[in-house]
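Enquirer:
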Amino acid sequence: MGTTRSPRTPTAATRARRSSRRPPWSSGPTDVHHEPTRRTVARVLPVSSEGKVLLLLGCDPALPEVRYWFTVGGAADEGESLAEAAARELREETGIAVDPARLGAPFGTFEVEFSWDGRDYVNESTLFALALEETPISFEGLDQLESQSIFDAAWWTPDDLDHDGRAVDPRLIDQMRAAIAHVRGGTDA
291 MGTTRSPRTP
301 TAATRARRSS
311 RRPPWSSGPT
321 DVHHEPTRRT
331 VARVLPVSSE
341 GKVLLLLGCD
351 PALPEVRYWF
361 TVGGAADEGE
371 SLAEAAAREL
381 REETGIAVDP
391 ARLGAPFGTF
401 EVEFSWDGRD
411 YVNESTLFAL
421 ALEETPISFE
431 GLDQLESQSI
441 FDAAWWTPDD
451 LDHDGRAVDP
461 RLIDQMRAAI
471 AHVRGGTDA
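Offset between the sequence shown (1-based) and this note's numbering: plus 290.
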């Protein structure tokens, strides 16, 4: 799977990212009367020996015309470790099964506020990197909402994604570089 990347004018996601601190998947102003849902999230960045990172292409169901690339991951279930959540999300979203112990120590954390499908969230995300050769992807494990909002998967270099302009968050490029360095033992990516 993958998409053909070519030079293009800035996408709606890029314009939204550049014009606002809110992520491009944000479906508009938040409801000031409700507190956002706080979630503890595990994200995993599979890294190939060529220095490419596996990302997913998707959208906010409330803004289907704005597509962006993002990392595999999601909220940890009650009683689940972050490594277990990352491994589960990798299996559900890509069909790739790995032992949670193989993920090792996380390489970073970040917080993001956003609106998705009309609801406000604050994610406390923990990032894991995984050395993994490019492999076929399966979307058979997606739930109904995910299957309507995840369209493709592809292996990207940080520079290619930066040039494409459809990263979900401007921090993603640096997170990809950090993941590559992490799987290479801390060397520069």
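Ideal Cβ placement from N, Cα and C applies to all residues, glycine included.
1. State whether the segment 328-348 contacts the segment 435-448, with contact taken as three or more CB pairs (one from each stretch) at a distance under 8 Å.
2. Please look up how many angstroms separate the CB atoms of Gly385 and Ile427, rounded, as I've assumed it's under 8 Å.
3. Within 10 Å of its beta-carbon, does Gly363 have 16 or more other beta-carbons around it, so buried, or fewer, so exposed?
4. Just to confirm, is the Cβ distance from Gln465 to Gly369 under 9 Å?
5. Tell me the rounded alpha-carbon separation between Val458 and Ser371.
6. Tell me the rounded alpha-carbon separation between Gly431 and Arg381.
7. Answer yes or no: do Ala387 and Ala375 have a C-beta to C-beta separation smaller than 9 Å?
8. May I have the straight-line CA-CA distance separating Glu383 from Phe429, to the nearest angstrom?
9. Taking only the alpha-carbon atoms, compute the straight-line gap between Ile463 and Asp452 and give it to the nearest angstrom.
10. To the nearest angstrom, report how far apart Ala377 and Arg467 are at their CA atoms.
11. Closest by CA to Glu325, which one among Leu422, Arg357, Asp410 and Ala332?
Expert: Well, looking at it:
1. yes
2. 6 Å
3. buried
4. no
5. 25 Å
6. 7 Å
7. no
8. 6 Å
9. 7 Å
10. 21 Å
11. Asp410
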